[in-house]
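In the order they appear, the protein sequences are chains W and R.
For what it's worth, the numbering used here labels the leading residue of the first sequence as 27, then goes sequentially.
For what it's worth, the numbering used here labels the leading residue of the second sequence as 27, then goes sequentially.
Where is the CB? At the ideal position from N, CA and C, for every residue including glycine.
Number of protein chains: 2
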Amino acid sequence: MKFIAQIDVMPKKEILDPQGKAVTGSMKNIGLSEITNVRVGKHISLEVEAATEVEASEKVDRACKQLLANLIMESYEFKIAAV
Amino acid sequence: MKFIAQIDVMPKKEILDPQGKAVTGSMKNIGLSEITNVRVGKHISLEVEAATEVEASEKVDRACKQLLANLIMESYEFKIAAV
């Protein structure tokens, strides 16, 4: 079966996010000072071939741990859906 | 009221995504050749102060159009929830 995973990789809360800080500052310049606390991370979509949803989830989890997220600075979460 | 928006900005389907292609290739090297069609975009979380959810949604939409997404190459979607 084929599954699609939607993964979010975000800088951990205790880590300073300079890109997010810069975007928060730019919001003021376009008249959107109501927008604050911007944090910028990665969104990754991928397809995975697996027998079951549990197996697909394990594969995606391994991909996150070994390749997609830097666990020292980033946390990740994902959702999986059958195609 | 304060709302939190979760925004995904992704390269459009018809646009080549070299970062995603590179990650797809790397999956093979870590023994996850079942993972294909990786696409890499941005995930942005932010807080927005607004009277209603509709108003918050309009502000976030404007932020996406004017600052967060390059509409020629990227598409975006977001969800809003009251804090």
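Item                                                                           : Value
Inter-residue Cα distance where the pair is W:P44 and W:P37                    : 10 Å
Top-ranked residue by Cα proximity to R:T50, from R:I61, R:L97, R:A108, R:K68  : R:I61
Distance between W:S71 and R:N63 (C-alpha atoms, nearest Å)                    : 8 Å
Distance between R:K85 and R:E79 (C-alpha atoms, nearest Å)                    : 10 Å
Nearest to W:M99 (by Cα), restricted to the options W:I33, W:A31, W:I41, W:K47 : W:I41
Proximity test, R:I70 beta-carbon vs the ligand MG heavy atom, cut-off 7 Å     : This structure lacks the ligand MG; in fact it carries no ligand of any kind.
Distance between R:V66 and R:K47 (C-alpha atoms, nearest Å)                    : 9 Å
Coarse secondary structure for R:L94, derived from DSSP in three states        : helix
Opening and closing residue of the alpha helix (DSSP H) in which R:T62 lies    : No alpha helix (DSSP H) contains R:T62, which is instead part of the beta strand (DSSP E) from 61-75.
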